[in-house]
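In this note's numbering, the protein residues as written are 1 to 324. Beta carbons are placed, not taken as given, at the ideal position from N, Cα and C, and that holds for glycine. The structure appears right after this line, and notes come after that.
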Amino acid sequence: MSLDTVVAASAHGKVNLHLGVGALREDGYHDLVTVFQSLDVADTVTLSPTGAVASTDAPVAEMTVSQSVVGEVPTDETNLAWRAVAGVGWLYRRRHGERRLPAVRIDIDKHIPIAGGMAGGSADAAAALVAADAWFARYYETTTLPAEELVEIAKLLGADVPFVLSGGTAVGSGRGDELVPMLSRGKYHWAMITSREGLSTPTVFRKLDELRAARPEALAPQLDPAAVGEALMSADPQSLARALHNDLQAAALSLRPDLRRVLEVGIDEGALAGIVSGSGPTCALLCEDADTARQVGAEVVTQLPGTKALAVSGPAGPAQLVTD
């Protein structure tokens with residue numbers, strides 16, 4: 001392969017249509033049952049050679065991110081995209097040890113909100129997996145990795161990465177990384193409302209445990225996503241609006257009461273339903289159509305300073321190459 005070859009891949013954000021959280025286990029974790037749907041907002045990861053050969057089995061020489069998020073996204077080995085490229089490179093090096101790894105640069109063009117419960121970091125990892133697989137396959141003049149091997153790497157990187165890799169709509173169980181595709185008809189439109197202040201996922205889970213200890217019957221785990229599945233088959237956004245559910249919502253609202261106002265304003269301005277996305281703080285407002293989603297988002301931002309809105313639709317597709 002020519003050492004001036006550049007490869008790019010994109011991957012989409014997601015929304016949780018249903019999130020059921022099981023009781024706290026002895027190991028400190030919770031079993032999850034969730035319905036993911038991918039959204040048509042995507043990050044793009046580009047790999048390009050530096051012209052050098054890596055001195056070790058670590059192929060990543062440097063990383064850059066969009067100017068708008070400089071300082072907010074790590075550009076070292078703690079970034080999931082960096083780890084994804086390193087993991088794929090390691091596999092190729094083990095299989096084709098006669099050639100040392102080339103040094104590559106990673107550039108991330110971010111459009112998915114940061115720390116917003118929309119799997120932005122996981123999307124970067126999924127896009128990096130696809131790009132790195134194509135890049136190293138060309139470098140070593142061999143076939144790409146089997147899909148199941150990429151999925152196994154994805155599971156090591158994070159619970160949301162396997163879904164973002166596949167896209168579409170799926171039921172996730174375990175940590176959310178054991179996936180079964182779910183049929184979905186029609187297109188669903190959202191105003192995703194983000195805020196400046198983040199929410200720690202572990203803190204939200206701990207708060208849920210506290211609330212359940214005080215109100216076990218009121219906050220019992222809802223682990224059956226059948227209502228969402230039926231609604232998705234109807235292609236009716238009003239049916240889906242009635243089925244949306246998030247066990248973590250009570251905890252997120254307890255920690256961030258201001259999010260309740262986001263949901264209220266969204267409904268008042270025409271959204272069919274509102275839900276905290278995952279562990280928050282992003283709120284997902286389901287709307288009748290794309291125009292309504294844009295209008296609702298604009299009204300929320302006008303009335304609630306410090307928020308931002310993104311109009312998106314789902315489902316979207318898998319992580320995939322965008323250049324050859």
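Distance from the Cα of A103 is smallest, within the candidate group G172, M118, P59 and L80, for P59. For Y140, there is no enclosing beta strand (DSSP E), since its DSSP letter is neither H nor E.
V73 and P113 have their C-alpha atoms roughly 11 Å apart.
With fewer than three CB-CB distances shorter than 8 Å, the stretch 90 to 98 does not count as touching the stretch 154 to 164. Following the DSSP letters along the chain, one finds G266 inside the alpha helix (DSSP H) bounded by residues D258 to D268.
In this structure, DSSP gives Y188 an extended state, which the three-state scheme calls strand. Note that the C-beta distance between G22 and T34 is not below 9 Å.
According to the DSSP assignment, I106 belongs to the beta strand (DSSP E) that extends over P102 to D109. Of the residues T194, D289 and L310, the one whose Cα lies closest to the Cα of G116 is T194. The C-alpha of V53 is placed about 58 Å away from the C-alpha of D268.
Note on V180: under 16 other CB atoms within 10 angstroms of its CB, so exposed under the neighbour-count rule. Counting only runs of 4 or more residues that sit fully inside the stretch 181 to 251, the alpha helix (DSSP H) segments are 201 to 214, 226 to 234 and 237 to 243, in chain order. Between the alpha carbons of T302 and H18 lies a gap of roughly 29 Å. Scanning A128, T142 and N246 for the CA closest to the CA of I153 turns up A128.
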